[in-house]
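K.L.:
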Amino acid sequence: MEEKYNLNSISKAFEKLFNAGFNTSKKIATLDIKEVRKIPNLTMSDFYIISDLWELVKKNNNKTAQLFIEFLSGYKEKGNDSK
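The C-terminal residue of the sequence shown carries number 197 in the working numbering, and the numbering is unbroken.
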């Protein structure tokens, strides 16, 4: 089985994305190419990883995607508290 990305490269790309302020599924779903290009020190590998994440979140913008992004970024979206 061919590995598309390794965990280290995914982690670095996500860290750059989250540090740039795109730390919720809603923010990731609204990304555009101009915003991505402004992320500092972005490599082509990072770009492809972020692009794949964007596509996944955009197609499946549901509670699971939201919780996954919250877990990885350490940031909880406002207004989504479950009681």
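Just so it is clear, CB atoms sit at the ideal spot from N, CA and C, and this is done for glycine as well. These numbers come from a predicted model, not from an experiment.
Assign L121 to one of two classes, buried (16 or more other C-beta atoms within 10 Å of its C-beta) or exposed (fewer than that).
P.N.:
That one is exposed.
K.L.:
CB Y119 to CB I153, shorter than 8 Å?
P.N.:
Taking 8 Å as the Cβ cut-off, Y119 and I153 do not qualify as a contacting pair.
K.L.:
Would you call the CB atoms of D160 and A134 closer than 8 Å?
P.N.:
Their beta carbons are not under 8 Å apart, which means D160 does not touch A134 by this criterion.
K.L.:
Throw me the rounded Cβ distance for the T138 and I183 pair, which I believe falls under 8 Å.
P.N.:
That belief holds up - the Cβ atoms of T138 and I183 are roughly 6 Å apart, short of 8 Å.
K.L.:
Expressed to the nearest angstrom, what Euclidean distance is found between the alpha-carbon atoms of L200 and E149?
P.N.:
Within the shown structure, residues of the chain are numbered from 115 to 197, placing residue 200 beyond reach of any answer.
K.L.:
Here's the rule: buried if 16 or more other CB atoms are within 10 angstroms of the residue's CB, otherwise exposed. What is S125?
P.N.:
Exposed.
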